[in-house]
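In short: position in the sequence shown from 1, add 47, done, that's my numbering. Structure first, commentary second.
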Amino acid sequence: MHAALAALAAVILLPAHAAMIGSTPSDGDTVTEQPGTFSVVMNEEILSLEGADSANRLQLTDAQGLFYGDGCVVVEGDTISLEAELGEAGDYSLAYQVVSADGHPVDGTVSFAFEPAEGEAGAAGSETAPICGAAPAASEPASTSTTEPEASVDPDEAAPGPVATDDATPSDAVEGDEGGDFPFIAIGVLALLVVLAIIAYTVNRGSRRRRDEA
């Protein structure tokens, strides 16, 4: 008798694992607009584990097995949430896995249907499960050729200029140097003549003054 009571007390005192008490959308719902945020609410606080390899996960898939969202979840107290956009109309599943405060993992699935207005476009699904923080696969280049493209040539630049010959005459002056060096030589000679005239005038005036004083 005492052994039976002790076993019953031990079962009663065992901590109960966390359980889901709500979700968005709710299990069995039919939504007609994009929820934007998908979430699961537990009956106790979720153990927050940061990083892409966290044991807390939400995965949103359609009936064809395509994944939606970027895999990044947010844990706040007893709620885990995921930002995502649904694709085409049909059935969807929101699978969750969380770690309860006592360290035990808890998982389950919420099923719902999506019936958007006719013509409303949705997101494209992914064939592989998204990993939070992982860069999207880069698209392959259109061509793998390593040959460098030929540089385009301006027809005006490619045209050959005039060829210099020995028949060139002095009249073929370069633009911007019309008249050759003659103007500079003339100016120099004129300046020299002015200086000589001033010197001659000064010497002549000095000689005349000395004659007048004699």
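Think of the CB as a built atom: it goes at the ideal place given N, C-alpha and C, for glycine as much as any other residue. Because the structure is a prediction, the values reported are computed rather than measured.
task: Give me the Cβ distance between residue 71 and residue 86, rounded to the nearest whole Å; I'm assuming they're in contact under 8 Å.
output: 5 Å
query: Whose C-alpha, out of 78, 125, 77 and 243, is nearest the C-alpha of residue 89?
result: 125
Three-state secondary structure (DSSP) of residue 246: helix
- request: With DSSP as the reference, please indicate the residues paired to residue 152 in a beta bridge.
  value: 146
task: Would you mind stating whether residue 105 and residue 120 have Cβ atoms separated by less than 8 Å?
output: Yes. Within cutoff.
query: What's the C-alpha gap between residue 103 and residue 148?
result: 12 Å
field: Integer Cβ distance of residue 129 from residue 137, believed to fall under 8 Å
entry: That belief does not hold up - the Cβ atoms of residue 129 and residue 137 are roughly 19 Å apart, past 8 Å.
message: Going by the DSSP bridge assignment, what does residue 240 pair with across the sheet?
response: DSSP lists no partner for residue 240.
Nearest-angstrom beta carbon gap, residue 160 and residue 77 [assumed within contact, 8 Å]: Taking the Cβ atoms as the reference, residue 77 lies roughly 4 Å from residue 160, within the contact range of under 8 Å.
query: Which residue from 122, 74, 79 and 118 puts its Cα closest to that of residue 91?
result: 122
- prompt: Among the residues of its own chain, which have a CB less than 7 Å from the CB of residue 69, if the five just before and after it don't count?
  reply: 88
field: DSSP bridge partner residues for residue 127 (one or two, in chain order)
entry: Bridge partners of residue 127: 87 and 122.
query: Beta-carbon separation of residue 155 and residue 163 under 8 Å?
result: no
Rounded Cβ spacing between residue 150 and residue 94 (contact assumed at less than 8 Å): 7 Å
query: Taking just the CA atoms, how far does residue 131 sit from residue 167?
result: 16 Å
query: residue 112: which of 127, 139, 64 and 152 sits nearest, CA to CA?
result: 139
Cα-Cα separation, residue 153 to residue 146: 6 Å
task: Determine the closest residue to residue 178 out of 135, 157, 101 and 144, with distance taken between C-alpha atoms.
output: In terms of Cα proximity to residue 178, the closest of 135, 157, 101 and 144 is 101.
query: For residue 157, which residues from the same chain have a beta carbon less than 6 Å from its beta carbon, with the 5 sequence-adjacent residues on both sides left out?
result: 70, 74 and 141
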